[in-house]
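Residue numbers for the sequence shown follow full-length UniProt numbering, so the first one is 120 and each next one is one higher.
Positions of the beta carbon are idealized from the N, C-alpha and C atoms, including for glycine.
A short write-up of the structure that comes next.
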Amino acid sequence: ENPAPTSIAPATEPGSVGSLALTRLRLERAIAEAIEREELELFYQPIVRLGGGHVVGFEALARWRRSDGTLVPPGEFIWVLEDSKLILEFGRWVIRKAAADLRKLDAHHQPIRVDDEPLFCSVNLSVRQFGDPELLPVLRAALADHALQAGQLRLEITESGLLNNLNAALELIEQCRALGCRVVVDDFGTGYSSLWYLHSLPVDGLKLDRAFLQDSTRSDRGLRIVRAVGRLAADLDMSAIAEGIETPEQAAICHDLGLDYGQGYYFGRAVPLAQAQALLRRQVADL
Ligand code: C2E
Ligand code: MG
Ligand code: MG
Ligand code: MG
Numbered sequence: 120e121n122p123a124p125t126s127i128a129p130a131t132e133p134g135s136v137g138s139l140a141l142t143r144l145r146l147e148r149a150i151a152e153a154i155e156r157e158e159l160e161l162f163y164q165p166i167v168r169l170g171g172g173h174v175v176g177f178e179a180l181a182r183w184r185r186s187d188g189t190l191v192p193p194g195e196f197i198w199v200l201e202d203s204k205l206i207l208e209f210g211r212w213v214i215r216k217a218a219a220d221l222r223k224l225d226a227h228h229q230p231i232r233v234d235d236e237p238l239f240c241s242v243n244l245s246v247r248q249f250g251d252p253e254l255l256p257v258l259r260a261a262l263a264d265h266a267l268q269a270g271q272l273r274l275e276i277t278e279s280g281l282l283n284n285l286n287a288a289l290e291l292i293e294q295c296r297a298l299g300c301r302v303v304v305d306d307f308g309t310g311y312s313s314l315w316y317l318h319s320l321p322v323d324g325l326k327l328d329r330a331f332l333q334d335s336t337r338s339d340r341g342l343r344i345v346r347a348v349g350r351l352a353a354d355l356d357m358s359a360i361a362e363g364i365e366t367p368e369q370a371a372i373c374h375d376l377g378l379d380y381g382q383g384y385y386f387g388r389a390v391p392l393a394q395a396q397a398l399l400r401r402q403v404a405d406l
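Right, dumping it as structure tokens:
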């Protein structure tokens, strides 16, 4: 098990705008230093084919391992990066690192390939990265440097980010797809105008936000929504991934409702590269 994430939010004087700004600045500096000291890491959470439970890919999730050993979750520092230009440099690093790690993971995955599909890795894109002129060159180089097929790298974009940048998003998605990378909408269903994004953007798939799934085990209505989204994705020739599967019951429900892929604590939490490799080795041994 990984050490539990701890909070890094420094104490601020309540109600003091000045100290809040100072805190942000301090956090920004700390993270800039963390990048230099290579204290940021990528963890990998398995994405499985529902039914067999075979791992078909991983999502790369950032962690900050501080010098005292504590592990900081992305929810506590990504926003600081996004508020500064650091997110561009960080985002490029994520792509390069994920591609290098995917090459290592793929070797363990070869024997358990389903339908001859190579292992993929999903990375999360910040909306600010849509404007990064280096994004496509970095993607291209990462694929070439590690002899990956373009389809092995997937980009996850969130609806909230798309809202103000539909044109930029459209252009970037088209360029990424021209390269052969797939683009999926993350946390689908929780932003607004979700359907409009599916209508307007040429995305390859969606990840159903875990809120629906948690509700599906409590209410018949939640269950029907999961099923409807599964059908919608199928009708649009898109892949659908259910996020936040925590129990075998939820996994079974998603499979019964026609969703093809799942991700969640039930199948595995995000773990360091070595543990992700071990997970694949165990699957091969189980064959
Ligand atoms: P996300 O992309 O929607 O990632 C899924 C989050 O849900 C992860 O949290 C994951 O650990 C968590 N999760 C997975 N399965 C379950 C489950 O069964 N139950 C519950 N309760 N949670 C589950 P994490 O790693 O803390 O990441 C949070 C968010 O931070 C991500 O949400 C993503 O938006 C952002 N993020 C993470 N890494 C990066 C990155 O490299 N770049 C950018 N731009 N954003 C990142
Ligand atoms: Mg994601
Ligand atoms: Mg998500
Ligand atoms: Mg999210």
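Residues of its chain near E147, where Cβ-Cβ distance is below 6 Å and the 5 sequence neighbours each way are ignored: V199 and S203
Inter-residue Cα distance where the pair is I154 and E362: 29 Å
N-terminal and C-terminal residue of the beta strand (DSSP E) that P165 is part of: L159 to R168
I360 - DSSP class collapsed to helix/strand/coil: strand
Which of helix, strand or coil DSSP assigns to K223: helix
Where E277 falls: helix, strand or coil (DSSP): Note on identity: in this sequence residue 277 is Thr, with Glu being the wrong assignment. Note: T277 maps to strand in three-state DSSP.
Simplified DSSP assignment, three categories, for residue 442: Because the chain is modelled from 120 through 406, residue 442 falls outside the range shown and cannot be assessed.
Cα-Cα separation, R182 to L351: 34 Å
Buried versus exposed call for F167 [16 or more other C-beta atoms within 10 Å across all chains shown]: In the sequence as presented, Phe is not what sits at residue 167; that position holds Val. It is buried - the Cβ of V167 has at least 16 other Cβ atoms within 10 Å.
Through-space distance from R145 to E132, alpha-carbon basis: Note that E132 scores a pLDDT of 44, beneath 50, so its modelled location is shaky; the value from the coordinates is reported in the next line. Each residue's Cα considered, the two are about 15 Å apart.
Contact test: L281 Cβ vs ligand 1 heavy atom, cutoff 7 Å: no
Among V174, G377, A261 and D235, nearest to M357 - alpha-carbon criterion: G377
Per DSSP, the bridge partner or partners of G250: Per DSSP, none; premise fails for G250.
For A288 and R296, the rounded distance between their alpha carbons: 12 Å
Pairwise C-alpha distance: Q164 and E178: 5 Å
DSSP state of P367 mapped onto helix, strand, coil: helix
Outcome for L314 when other beta-carbon atoms lying within 10 angstroms are tallied against a minimum of 16: exposed
As assigned by DSSP and simplified to three states, the class of V348: helix
Burial state of R273, where buried means 16 or more other Cβ atoms lie within 10 Å: buried
Residue from A261, G250, P193 and H374 with nearest C-alpha to R222: A261
Rounded Cβ spacing between H265 and R400 (contact assumed at less than 8 Å): Rounded, the Cβ-Cβ distance is 20 Å, inconsistent with contact.
Cβ-Cβ distance between L342 and Q369 below 8 Å: no
A123 classed as buried or exposed, judged by whether at least 16 other C-beta atoms fall within 10 angstroms: Note that A123 scores 49 on pLDDT, short of 50, meaning its location in the model is unreliable; the coordinates nonetheless yield the value given after this. It is exposed - the Cβ of A123 has fewer than 16 other Cβ atoms within 10 Å.
Reduced DSSP category for C300 - H, G, I as helix; E, B as strand; rest coil: coil
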